[in-house]
Amino acid sequence: EAGVTQFPSHSVIEKGQTVTLRCDPISGHDNLYWYRRVMGKEIKFLLHFVKESKQDESGMPNNRFLAERTGGTYSTLKVQPAELEDSGVYFCASSQTWTSGVFGDTQYFGPGTRLTVL
Amino acid sequence: QKEVEQNSGPLSVPEGAIASLNCTYSDRGSQSFFWYRQYSGKSPELIMFIYSNGDKEDGRFTAQLNKASQYVSLLIRDSQPSDSATYLCAVPNFNKFYFGSGTKLNVKP
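Order-wise, the sequence lines are chains L and D.
For what it's worth, the numbering used here labels the leading residue of the first sequence as 1, then goes sequentially.
For what it's worth, the numbering used here labels the leading residue of the second sequence as 1001, then goes sequentially.
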């Protein structure tokens, strides 16, 4: 079974440009999450999809970030326009279930996309 | 105060020794705790999770949880050079995981 895949693995762009990151979750996983790790900091939650619906986007830093998951399969995260502080590693994760309880469900992570904004 | 705290290390242990990785968390209502291992440039990979106070063993790995002290640890017995990686402690709150900054472990041959 293929794991979570992300594309591209690296992206270097100029400030003000647009970048789109893609995540393909594990087949059959309804839940898809985006996280980000900026230099020297911990991995932080951005948002959660259940199928094609945004369940929680409380971690999105501002309206320059737009996430979509059309059809409930793969997801894209667009940054427009990119700023220097957006540099970091963007991780995608998926889980089969979401019990909506405090226990949490095991999330399986992709390798991340390293974004560098110059 | 951070939700989840870990010593960033590096923690260096000789091959064959026990490596002890520690994590504290701030939310007293937290119920489950996950340990991930991440090699440089790779996906965080689930090692194990623990719900109940006490110890949980899986092969060379043992997770220990003390909810009263808000403390969770991961012990790696018979450490191998291939265990050298960053170990991430994650604490879920409903749909989102809160991560520590990770502890870098070096196992010296």
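Every residue gets a Cβ at the ideal spot worked out from N, C-alpha and C, and that includes glycine.
* Asked: What residues in the stretch 42 to 53 of chain L bring their beta carbon closer than 7 Å to a beta carbon of chain D?
  -> E42, I43, F45, H48
* To do: Starting from the C-beta of L118 (chain L), find all residues in its chain whose C-beta is less than 6 Å away, skip the five residues before and the five after it, and write them out in chain order.
  => Looking up residue 118 (chain L) in the first sequence gives position 118. Once the five neighbours on either side are set aside, the close Cβ partners of L118 (chain L) are E14.
* **chain D contact for F65 (chain L) (CB, 8 Å cutoff)** => Numbered from 1 along the first sequence, position 65 holds the residue referred to as residue 65 (chain L). No, F65 (chain L) does not count as interfacial toward chain D.
* Assigned exposure category for G40 (chain L) - 16 Cβ within 10 Å defines buried -> Residue 40 (chain L) sits at position 40 when you count from the first residue of the first sequence. Looking at its Cβ environment, which holds fewer than 16 other Cβ atoms inside 10 Å, G40 (chain L) is exposed.
* Can you say whether N31 (chain L) is buried or exposed, counting buried as having 16 or more other CB atoms within 10 angstroms of its CB? => Residue 31 (chain L) sits at position 31 when you count from the first residue of the first sequence. Classification of N31 (chain L): buried, given that the 10 Å Cβ count is 16 or more.
* Could you have a look at S1000 (chain D) and say whether DSSP puts it in helix, strand or coil? => Chain D is shown from 1001 up to 1109; residue 1000 (chain D) falls before or after that span and cannot be answered.
* Asked: Applying a beta-carbon distance threshold of less than 9 Å, which residues of chain C neighbour K1042 (chain D)?
  -> Looking at the structure shown, chain C is missing, and the protein chains on hand are L and D.
* Could you pull the start and end residues of the beta strand (DSSP E) that Q1038 (chain D) belongs to? => If you number the second sequence from 1, residue 1038 (chain D) lands on position 38. Note, Q1038 (chain D): beta strand (DSSP E), 1033 to 1038.
* Counting Cβ pairs closer than 8 Å, one from the stretch 87 to 95 of chain L and one from the stretch 53 to 71 of chain L, do we hit at least three? -> no
* Between D:I1050, D:P1109, D:G1100, D:T1086, which lies nearest to S1040 (chain D) when the distance is taken from Cα to Cα? -> Counting from one through the second sequence, the residue named residue 1040 (chain D) turns up at place 40. Answer by Cα proximity: D:T1086.
* Can you give the beta carbon distance from G71 (chain L) to E52 (chain L), rounded, assuming they're within the 8 Å contact cut? -> The count along the first sequence starts at 1 and reaches residue 71 (chain L) at position 71. The count along the first sequence starts at 1 and reaches residue 52 (chain L) at position 52. Yes, they are in contact, since the Cβ atoms of G71 (chain L) and E52 (chain L) sit about 6 Å apart, within 8 Å.
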